[in-house]
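So the structure is just underneath, and the comments pick up after that.
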Amino acid sequence: MPQFDRYKNRLVNIEFAPVEDLSHLPYPDRLSLVFVTSGSMRGILNERPISVAAPCILCLAEEDELKIAEEQNVAAQSFHFQREFLNSVPDSETQRDLRMAPRIRTGLSLFQRDDAHTGVPYITEKAYPLLFEWFFVLGTEVQAQSDERWRCRIKKYLIQILGMLEDLNRSSEQSPVDLVLEYIHTNYFRKIALEDLTKCAHLNRVSLNKLFQERCGTTAMGYLLTHRLKVAGDLLTHTDMNLNDIARATGFEYDTYFIKQFTSKRGLSPTAYRVASRKLAAFL
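At position 48 of the sequence shown the residue is numbered 48 (UniProt numbering), and the sequence of numbers has no breaks.
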């Protein structure tokens, strides 16, 4: 059932199921993020046979068709949300029309259906514990509503989960660059030095940066900064988190350094970017 926001006296169309009965999936009018934490199952998803074993994640859209033929000791948790929850500022005084509100787009490709997006995204052993940690905190926040910004925190974790899944599914190769990309995508919010990246790739600084320049058009540390600022941009546009919290969530030790780097790379201060990006997103 939808959650009642006790701070703003409104319904929020999200649900968290700590014990998911897979027979009800997918839920009507909602996108579903399902973490299978133990067991295995076989079935048909959109006329394609699937066989999954924990740990794994399902990204199900409202129009998907899932038929489970067999399951063995499955334990799963799920988060469901209507697409309108992706609107960034649905209660804005200047944007009464929900159709004009900015919308989170990070990770939506996971709910599309083609040969590359089957509803069972690729994950790695290193990524899954972090994804599950974020998912657990998200679920706790749904139940706790710890303060009036609880919706912002849920959106923060949703952006991080979907963003990481999307990044992991762009390529499943394991070249030195891919190893470093995975490391960055799963650790960007932590302190990272160039030495950490060279150890991950088993290359020296010159060789690693040469490969990164060829593939990404920047150095390894340059890519790290770009990725941090990308996540920060999403959080600025789609949540009301303060700058200090966004800085800490994206790996910047001090908000002053975050503001300096963001302004230098984006040409706008974080606050100005937040205002401008919301106006622009309303027309996309």
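Idealized CB from N, CA, C, for every residue including glycine. Please read all numbers here as calculations on a predicted model, not as lab measurements.
- Approximately 6 Å separates the beta-carbon atoms of G39 and A75; this is inside 8 Å, confirming the contact.
- If you ignore the 5 residues before and after T263, its C-beta comes within less than 6 Å of the C-beta of S269, all in its own chain and listed in chain order.
- A Cβ-Cβ contact shorter than 7 Å links Y27 with H80.
- Listed in chain order, the non-local C-beta contacts of W134 below 7 Å within the same chain comprise Y157, Q160 and I161, local neighbours out to five positions each way being set aside.
- A buried status is given to N87, since no fewer than 16 other beta-carbon atoms sit within 10 Å of its beta-carbon.
- Taking a 10 Å sphere around the C-beta of N209, we find 16 or more other C-beta atoms and assign the residue as buried.
- For Q213, the closest alpha carbon among the candidates V177, L225 and I192 is that of V177.
- L280 counts as exposed, since fewer than 16 other beta carbons sit within 10 angstroms of its beta carbon.
- With respect to the 7 Å criterion, I192 and H227 are not classified as neighbours on the basis of their beta carbons.
- Following the DSSP letters along the chain, one finds Q3 inside the beta strand (DSSP E) bounded by residues Q3 to D5.
- The beta-carbon separation of F111 and C59, rounded to 6 Å, stays under the 8 Å limit for a contact.
- Around the beta carbon of F16, a 10 Å sphere encloses 16 or more other beta carbons of the protein chains shown; the residue is thus reported as buried.
- If you draw a straight line from the Cα of K8 to the Cα of I104, it is about 21 Å long.
- Rounded to the nearest angstrom, the gap between the Cα atoms of T239 and R151 is 8 Å.
- A direct Cα-Cα distance of roughly 17 Å separates N73 from K67.
- Beta-bridge pairing by DSSP links N87 to R103.
- Here K260 is exposed, its C-beta having fewer than 16 other C-beta atoms within 10 Å.
- If you draw a straight line from the Cα of R149 to the Cα of N242, it is about 10 Å long.
- Excluding residues up to 5 positions away in sequence, T198 lie with their Cβ nearer than 8 Å to the Cβ of N204 in the same chain.
- Across the set E65, F132, V34 and K126, the C-alpha of E65 shows the shortest separation from the C-alpha of R113.
- Under a 10 Å Cβ-count criterion, M41 is classified as buried, with 16 or more other Cβ atoms of the shown protein chains found around its own Cβ.
- Counting along the chain, the unbroken alpha helix (DSSP H) around H227 starts and ends at A220 to H238.
- Straight-line spacing of the CA atoms in L211 and C200 works out to 14 Å.
- Contact check for L138 against T186 fails: the beta carbons are separated by 7 Å or more.
- Check the Cα spacing between E62 and each of T124, E70, Q82 and F132: the tightest is with Q82.
- Per the C-alpha coordinates, the member of K126, R30, T37 and Y254 positioned closest to L108 is R30.
- If you draw a straight line from the Cα of K230 to the Cα of R153, it is about 17 Å long.
- Closest in alpha carbon position to E182, among P2, A144, F189 and K126, is K126.
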